[in-house]
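*Asks:*
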Amino acid sequence: MKYLIQLLLFVTVSSCNFFDREINLEIPEHTPRIVVNAIVEAGGDELRLAITRSLGMRDTSSFSEPIPNPEILVTVNGQNYTEFQLDTANHYVTPATIQTGDRIELEVRATNMETVFSETVVPAAPLIRDVKLGGTVYDFGGSEKREISFVIQDIPSEENFYLVKFIQERDDFPNYFGSRGIGIDSPITWLNYVFSGLAFTDAVFRNGEATVTI
Numbered sequence: 026m027k028y029l030i031q032l033l034l035f036v037t038v039s040s041c042n043f044f045d046r047e048i049n050l051e052i053p054e055h056t057p058r059i060v061v062n063a064i065v066e067a068g069g070d071e072l073r074l075a076i077t078r079s080l081g082m083r084d085t086s087s088f089s090e091p092i093p094n095p096e097i098l099v100t101v102n103g104q105n106y107t108e109f110q111l112d113t114a115n116h117y118v119t120p121a122t123i124q125t126g127d128r129i130e131l132e133v134r135a136t137n138m139e140t141v142f143s144e145t146v147v148p149a150a151p152l153i154r155d156v157k158l159g160g161t162v163y164d165f166g167g168s169e170k171r172e173i174s175f176v177i178q179d180i181p182s183e184e185n186f187y188l189v190k191f192i193q194e195r196d197d198f199p200n201y202f203g204s205r206g207i208g209i210d211s212p213i214t215w216l217n218y219v220f221s222g223l224a225f226t227d228a229v230f231r232n233g234e235a236t237v238t239i
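So the sequence shown is residues 26 to 239, counted in the numbering used here.
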């Protein structure tokens, strides 16, 4: 026991000395890169791109500031779209009809930056069935909760990412756009919380189906 105590004391003292040390890190200068964010869904009537640049640690610029006058080329099933206009949301937008199965290719160029490329295929919508609404329960804080469950069938032969969101509407204010988000949690561990929704991949039920309880 005496040796054990000495050993523990040595480890404790050594650990304290370790955390008192100064470590100098050399951070290289940041080279700005083009950053493109976009959401494409079947049934859409436009292409909307947020085109910004990456920022270094010491850069105080806004991360949402658009890159001025980028060269944009988007191809949808071989049809080219190059006439994008910057709107009030600082997004580059052009009219386009998007359908399930469309292949979309993207190329963006900007002065003194490396060109970026991307491509995707618009997926089919997943099949959701057997939606059930449970009774009312109360958590430890007295807040009201209701259980919702549904079965989601995976889109076969693809690696998919799903986002489930719920929006509340008020009968007396049908166009109400205030606090419409709904607090959501789930006992299913592979569901990840996002604002007013849950996100997950099909890793645990690929090419099959899963019952989701919220």
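Note that beta-carbon positions come from the ideal geometry of N, C-alpha and C, so glycine has one too.
1) When the Cα atoms are used, what is the spatial distance from VAL162 to THR226?
2) What do you get for PRO53, buried or exposed, if any count of 16 or more other CB atoms within 10 angstroms of its CB means buried?
3) What would DSSP say about ILE177, mapped onto helix, strand or coil?
4) Suppose the cutoff is 8 Å on Cβ atoms and the five residues either side in sequence are ignored; what does the same chain contact list for VAL229 look like?
5) Just the Cα atoms here: how many angstroms apart are VAL189 and GLU51?
6) What does the alpha-carbon distance come out to for the pair PRO148 and GLY68?
7) Pick out whichever of GLY222, PHE186, ASP70 and ARG134 has its Cα sitting closest to the Cα of PRO120.
8) Grouping DSSP H, G and I as helix and E and B as strand, with all else coil, what is ASN62?
9) Beta carbon of VAL133, beta carbon of GLU96: below 8 Å?
10) Would you decide whether LEU74 is buried or exposed? Buried here means 16 or more other CB atoms lie within 10 Å of its CB.
11) Can you give the Cα-Cα distance for VAL65 and GLY167, rounded to whole angstroms?
12) Mapping DSSP to helix, strand and coil, what is GLY222?
13) In chain order, what residues of the same chain have a beta carbon less than 6 Å from the beta carbon of ASP127, not counting five sequence neighbours either side?
14) Rounding to the nearest angstrom, what Cα-Cα distance links ARG58 and ALA135 in this structure?
15) Within the continuous beta strand (DSSP E) that includes GLN104, where are the two ends?
16) Does the pairing of the stretch 153–161 with the stretch 169–189 give three or more beta-carbon distances under 8 Å?
17) Within the same chain, show all residues whose beta-carbon is closer than 7 Å to that of ASP164, passing over the 5 residues directly before and after it, in chain order.
18) Ignore the nearest five residues each way along the sequence and tell me which others in SER211's own chain have a CB closer than 8 Å to its CB.
*Replies:* With the structure as the only source:
1) Roughly 28 Å separates the two Cα atoms.
2) Under this definition PRO53 is an exposed residue.
3) Correct three-state label for ILE177: strand.
4) Here the set comprises TRP215 and ALA235.
5) Straight-line Cα distance between these residues: approximately 42 Å.
6) Rounded to the nearest angstrom, the two C-alpha atoms are 11 Å apart.
7) The option with the nearest alpha carbon to PRO120 is ASP70.
8) Looking at ASN62 - three-state DSSP - the assignment turns out to be strand.
9) Taking 8 Å as the Cβ cut-off, VAL133 and GLU96 qualify as a contacting pair.
10) LEU74 should be labelled buried.
11) Cα to Cα, VAL65 sits roughly 40 Å from GLY167.
12) In the structure shown, GLY222 sits in a strand (DSSP, three-state: E or B).
13) Excluding residues within five positions, the ones whose Cβ falls inside 6 Å are VAL101, ASN102 and VAL147.
14) When the Cα atoms are used, ARG58 and ALA135 turn out to be separated by approximately 9 Å.
15) Per DSSP, GLN104 is one residue of the beta strand (DSSP E) stretching across 104–106.
16) Yes, the stretch 153–161 is in contact with the stretch 169–189.
17) Cβ-Cβ distances below 7 Å link ASP164 to LYS170 in the same chain, with the five nearest sequence neighbours on each side left out; the list follows chain order.
18) Hits under 8 Å: LEU223, VAL237, THR238 and ILE239.
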